Amino acid sequence: EEASGPLAVIIIPCLLTLSTVLVVVLIFCSLHKSKQRRQSNLVNFTNQQSVSLTASSVSTPKVQAALSPWEIPEECVLEGLEFWQTGRLGPICKGLLKRSDGASCAVVVKSLRESNQPEGKELEWVLFHATVCKHENVVQLLYCQTKCLPVCLVLEAYSPGNLLHFLWSLRNRGSNSEDPFLNFSERSVYLVAKQVAAGLDYLMSEHRLVHGDVAARNILIGPGLSARVSGLGVAFEGRRMDPAAFRQRAAEVPLKWQAPERLAMQLSIDRGDWSFGILLYELITLSPPYPELDPLSVLPKLQGSYRMKRPVSCGGPYDLMKYCWMWCFKDRPPFSAVIKLLDSSLHLAATKDICVFEVIDIPEYNRKAG
1 EEASGPLAVI IIPCLLTLST VLVVVLIFCS LHKSKQRRQS NLVNFTNQQS VSLTASSVST
61 PKVQAALSPW EIPEECVLEG LEFWQTGRLG PICKGLLKRS DGASCAVVVK SLRESNQPEG
121 KELEWVLFHA TVCKHENVVQ LLYCQTKCLP VCLVLEAYSP GNLLHFLWSL RNRGSNSEDP
181 FLNFSERSVY LVAKQVAAGL DYLMSEHRLV HGDVAARNIL IGPGLSARVS GLGVAFEGRR
241 MDPAAFRQRA AEVPLKWQAP ERLAMQLSID RGDWSFGILL YELITLSPPY PELDPLSVLP
301 KLQGSYRMKR PVSCGGPYDL MKYCWMWCFK DRPPFSAVIK LLDSSLHLAA TKDICVFEVI
361 DIPEYNRKAG
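If you use the UniProt record's numbering, the sequence shown corresponds to residues 1 to 370, in order.
Following this line, the structure appears as structure tokens:
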């Protein structure tokens, strides 16, 4: 008993020291794991150098080296550039990319305004495309120009191009059209929708990107009804982690394409599953969603369990639409499941042309679309 006193004096400080060491080790492990998570968000480029998409890093030699493989080769020349439309960052032109061997291909050139220097957010935009555009169902980046002005992206041209304009042309084709490209049926809807879902699934699974603006206006249509996802502006702002810029860009998405949780401002962005259902409606009707509703009345109607009715002569696609329009976003299908559903139902799809004999009135269409 007399020895227990000195023994306690030795044991108690040892236990306190050990517990302190354990706490320090746990804190260190937590900080290390947090650092690993941050590093996992870095973007990997083709040369295996990792750089984050932040304003402080885009002008470093490391980034310039990462972009070097994408620079327009000296033996290639851009010819016949014609102004097409004005983009958010500058003019968009169409033209030809000509190689030294005489081969050429049609391209779309997105240029930055001459006042913009090749640094900051504009250069991040180039980096983003170089990283993300590596799937057959996502808009394809061919080259870029960052070492001299104007800074630009050279993208593969797709014809006829914008899916929304293509749907408009279907409404204007008339009942006696002999153009095989204008033969558009329920089966065609399945084929296009499956490719769009594949592109969106790639963005989510490979890059953890939510598109944020899924709609016919942001899909490109090409030969054989091949489809590619474009309009990556909202996804870009989400990747940059600039909350103010992201909210501003996301707020530009028309209300009729937004999920109810986004309309109610419970989430700043949705996964795209709800708006994919809206895209299906666009494809099967050649029309805008909720044509009978004012944009501001959509959320109250949805809260009252309203859903768009089954379009005339629409079979399986409507069942998938309803699946995408489940009220709770956790109940909606991921794009991997959407692809399987479309694939398994393709053989049941009708092959009769979808016909809307009312000629498109673009101002009226835009009014209804909001």
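Note that the Cβ used here is the ideal one computed from N, Cα and C, for glycine as well.
Just so it is clear, the structure is predicted and the values come from calculations on it, not from any experiment.
Under DSSP, the beta-bridge partners assigned to Thr86 are Pro91. Residue pairing from DSSP places Ile221 in a beta bridge opposite Gly161, Ala227. A straight-line Cα-Cα distance of about 18 Å links Leu320 and Gly199. Within the DSSP secondary-structure output, Leu96 pairs in a beta bridge with Glu79, Ala106. The continuous alpha helix (DSSP H) containing Gln303 extends over residues 298-303. In the DSSP assignment, Cys144 forms a beta bridge with Glu71, Leu153. Judged by beta-carbon spacing, Leu155 lies within the 8 Å limit of Leu141, meaning their Cβ atoms are closer than that value. Taking a cut-off of 8 Å for Cβ pairs, the region 232-239 and the region 209-223 touch, as three or more such pairs fall below it.
Between Ser100 and Glu79, the C-beta spacing is not below 8 Å.
With respect to the C-alpha of Gly161, the residue from His207, Thr146, Arg228, Ala193 having the closest C-alpha is Arg228. Counted as a single uninterrupted DSSP element, the alpha helix (DSSP H) harbouring Pro260 occupies residues 260-263. DSSP, read as helix, strand or coil, puts Ser185 in strand.
Residue range 273-285 is occupied by the alpha helix (DSSP H) that includes Asp273. Residue environment for Ile362: exposed (fewer than 16 other C-beta atoms within 10 angstroms of its C-beta).
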